[in-house]
Amino acid sequence: MKIKINGHTFELNSELTNTLTNELENKKSIYLNDALSRYFNNQQQSTFALALNGEFVGKDDYCSTSIKANDSIDILFPIQGG
Amino acid sequence: MTVTTGSLKLYGQQLSSRLLIGSALYPSPLVMKQAILASGSQVVTLSLKRQNPQMNSGAQIWQYIQEIVTQVNGFLLPNTAGCKTAKEAVTLAKMSREIFKTDWIKLEVIGDDYNLQPDPIELLNATEQLLNDGFKVLPYCTDDLVLCQRLYDLGCQVIMPWASPIGTGKGLMNPYNLETIRLRLPDATLILDAGIGKPSDACLAMEMGYDGILLNSAVALADNPVTMAKAFANALTAGEQGYIAGLMQQRQTAHPSTPTLDTPFWHQS
Numbered sequence: 001m002k003i004k005i006n007g008h009t010f011e012l013n014s015e016l017t018n019t020l021t022n023e024l025e026n027k028k029s030i031y032l033n034d035a036l037s038r039y040f041n042n043q044q045q046s047t048f049a050l051a052l053n054g055e056f057v058g059k060d061d062y063c064s065t066s067i068k069a070n071d072s073i074d075i076l077f078p079i080q081g082g
Numbered sequence: 001m002t003v004t005t006g007s008l009k010l011y012g013q014q015l016s017s018r019l020l021i022g023s024a025l026y027p028s029p030l031v032m033k034q035a036i037l038a039s040g041s042q043v044v045t046l047s048l049k050r051q052n053p054q055m056n057s058g059a060q061i062w063q064y065i066q067e068i069v070t071q072v073n074g075f076l077l078p079n080t081a082g083c084k085t086a087k088e089a090v091t092l093a094k095m096s097r098e099i100f101k102t103d104w105i106k107l108e109v110i111g112d113d114y115n116l117q118p119d120p121i122e123l124l125n126a127t128e129q130l131l132n133d134g135f136k137v138l139p140y141c142t143d144d145l146v147l148c149q150r151l152y153d154l155g156c157q158v159i160m161p162w163a164s165p166i167g168t169g170k171g172l173m174n175p176y177n178l179e180t181i182r183l184r185l186p187d188a189t190l191i192l193d194a195g196i197g198k199p200s201d202a203c204l205a206m207e208m209g210y211d212g213i214l215l216n217s218a219v220a221l222a223d224n225p226v227t228m229a230k231a232f233a234n235a236l237t238a239g240e241q242g243y244i245a246g247l248m249q250q251r252q253t254a255h256p257s258t259p260t261l262d263t264p265f266w267h268q269s
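Protein sequence lines correspond, in order, to chains A and B.
1 is the number of the first residue of the first sequence in the numbering used here; add one for each residue after it.
1 is the number of the first residue of the second sequence in the numbering used here; add one for each residue after it.
Here it is as C-alpha cells:
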C-alpha cells in the first residue's frame, strides 16, 4: 500500500508489512501509528503535529485512526517564524 | 490604548512590553536570543513546517526558542504562514495548538504571492471557525477599515493590520488608513504587523495610539540585530509616551515660538 508523507511516497510493505499483512488478513485496519513507525527513528522524542488528508489528527487518535492507500500525511515540526 | 505605559494586554494576558518579535532570519541562534532579550519582548512568533525528522536542526531551534521564552517569562505566538485557504489555516492552527499548548494564533491567510497580501474572505472565514473552536485569534490583515471592523465584530480582541507587505521594510504605506482604523475601533487592541523598516516607523504607529508592534525582519536583517532591537524598544516607548502626552495640533501657518511682546525696537514700525 502506498501513502504519502510530507509529499514523499512510502510503500508500507517492508518490515512493517510483515506485521500488517497478518492484520490485513484478519481484516484489521492499518493505523496512523503504523505509518509513523516507518517515518521516525524515535517518534517519542520528536515534537510534531499531524494532518491526514488536510485534516488535523490529535496525538490521542493516532492509534485509532485508520489509513488507506493514497492517503496523504503531513507531519510538521516547530521552526522559526515571523 | 487604556493600559499603563509600557504594558500591553492580549486576550487578558498582561505583558510588560508592547513589542512582539519574530524568531526568523537572524544570522545565528545566539544573535536571535540576544536580540529578543534586548527587545524586552515577551511574545515570540514561530511556525510549523515540514522537516526531515532525521535532521535534528528543527528540534534544536525549538529547544532554543523554548529556553528564550522561559527566560523572559514570555509566550509563544505560532503563525499560519504559508496558508492560502481558510481550511489550511484552520488545520495548521489546530496543529500549532497541540504542539505549542497555546490557543493564541497569529492568523495569516495569504491571497497573493507577489506581495503576500492577506485574503480578506478566507481570513474572515478562518477567523470565525477558529474563534468558535476556542482560539484567541490575532489576525494579520490589510489596513482596510471595514475588514478590521468585521474581524472585531466576529470577536477578535486583537487586530493586526499591516504597515506594508511582509519583509519590505517600507514602513507605514498609508498612515491615513491606519489612523482611521485607530479612530474607528477605539476599544480594539491594534498591533501593527509587517513592513516595519525603521524604529521611527514603530514610533509613528505608537504616536497614532497603536497598542503594539509585531516585527521580525527589521531587527533580524539589521547590521547589528541586538542594537536594533534596543532601538525599537526605545522607539516604542517614545511613541507611546508621545501619544499619552498628547501631540500638538498641526497648524497651517507659522507661529513664532519666541514671545513677540517687547521685540527689539528695530523690528517695530
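All C-beta atoms, glycine included, are put in the ideal place defined by N, C-alpha and C.
All values derive from a computational prediction rather than experimental measurement.
Contact with chain B is absent for A:L32, since none of that chain's Cβ atoms lies less than 7 Å from the residue's Cβ. Taking CB atoms only, A:N6 has a neighbour in chain B less than 7 Å away. Bridge partners of B:W104 according to DSSP: B:K136. For the region 32-52 of chain A, the set of residues with a beta-carbon nearer than 9 Å to any beta-carbon of chain B comprises Y39, F40, N41, N42, Q43, Q45, S46, T47, F48, A49, L50 and A51, in chain order.
Contacts between B:P53 and chain A, judged by CB atoms closer than 9 Å, involve Y39, F40, N41, N42, Q43, S46, F48, I75 and F77 in chain order. Distance from the CA of B:R182 to the CA of B:Q63, rounded to the nearest whole angstrom, comes to 38 Å.
One Cα belongs to B:F135, the other to B:Q252, and the distance between them is close to 48 Å.
Taking 7 Å as the CB threshold, A:F56 lines the interface with chain B.
B:D187 and B:Y210 have their alpha carbons spaced roughly 11 Å apart. In the structure shown, B:L172 adopts coil according to DSSP, grouped into three states. Our two residues, B:A218 and B:A231, have alpha carbons roughly 11 Å apart in a direct line. In the same chain as B:L124, and ignoring 5 residues on each side of it, the C-beta atoms closer than 8 Å to its own belong to L147, R150, L151 and L154, in chain order. When the Cα atoms are used, B:P120 and B:T127 turn out to be separated by approximately 10 Å. Considering only A:Y62, A:A51 and A:T47, the residue with the shortest C-alpha distance to B:P53 is A:T47. Beta bridge pairing from DSSP links B:W162 with B:D193. Note on B:C203: 16 or more other CB atoms within 10 angstroms of its CB, so buried under the neighbour-count rule. Following the DSSP letters along the chain, one finds A:A49 inside the beta strand (DSSP E) bounded by residues A49 to L52.
For B:G171, the nearest beta carbon of chain A is not closer than 7 Å to its own beta carbon.
Cβ-Cβ separation between B:L138 and B:R184: approximately 19 Å, too far for a contact (criterion under 8 Å). Proximity to B:R50 across B:A59, B:T142, B:V109 and B:V44 peaks at B:A59, based on C-alpha coordinates.
At least one CB atom of chain A sits nearer than 7 Å to the CB of B:L46.
Under the three-state reduction of DSSP output, B:Q117 falls in the strand class.
According to DSSP, residue pairing for B:T45 in a beta bridge involves B:G22 and B:L77.
Looking at the DSSP output, B:K94 sits in no beta bridge, so it has no partner there. Contacts with chain A (Cβ-Cβ distance below 8 Å) from the region 55-84 of chain B involve G58, A59, I61, W62, I65, P78, N79 and A81, listed in chain order.
In this structure B:I159 is in contact with B:L190, their Cβ atoms being roughly 6 Å apart against a cut-off of 8 Å. Taken in chain order, the members of the region 83-97 of chain B whose beta-carbon sits within less than 9 Å of a beta-carbon on chain A are K87, E88, V90, T91, L92, A93, K94, M95, S96 and R97. A buried status is given to A:I73, since no fewer than 16 other beta-carbon atoms sit within 10 Å of its beta-carbon. Residue pairing from DSSP places B:G212 in a beta bridge opposite B:I191. In the same chain as B:E108, and ignoring 5 residues on each side of it, the C-beta atoms closer than 6 Å to its own belong to N79, T80, A81 and Y140, in chain order. Secondary structure note for A:D34: its alpha helix (DSSP H) is the uninterrupted segment L32 to Y39.
In the structure shown, A:K59 adopts helical secondary structure according to DSSP, grouped into three states.
For B:L8, the enclosing beta strand (DSSP E) covers residues L8 to L10. If you draw a straight line from the Cα of B:L131 to the Cα of B:A93, it is about 11 Å long.
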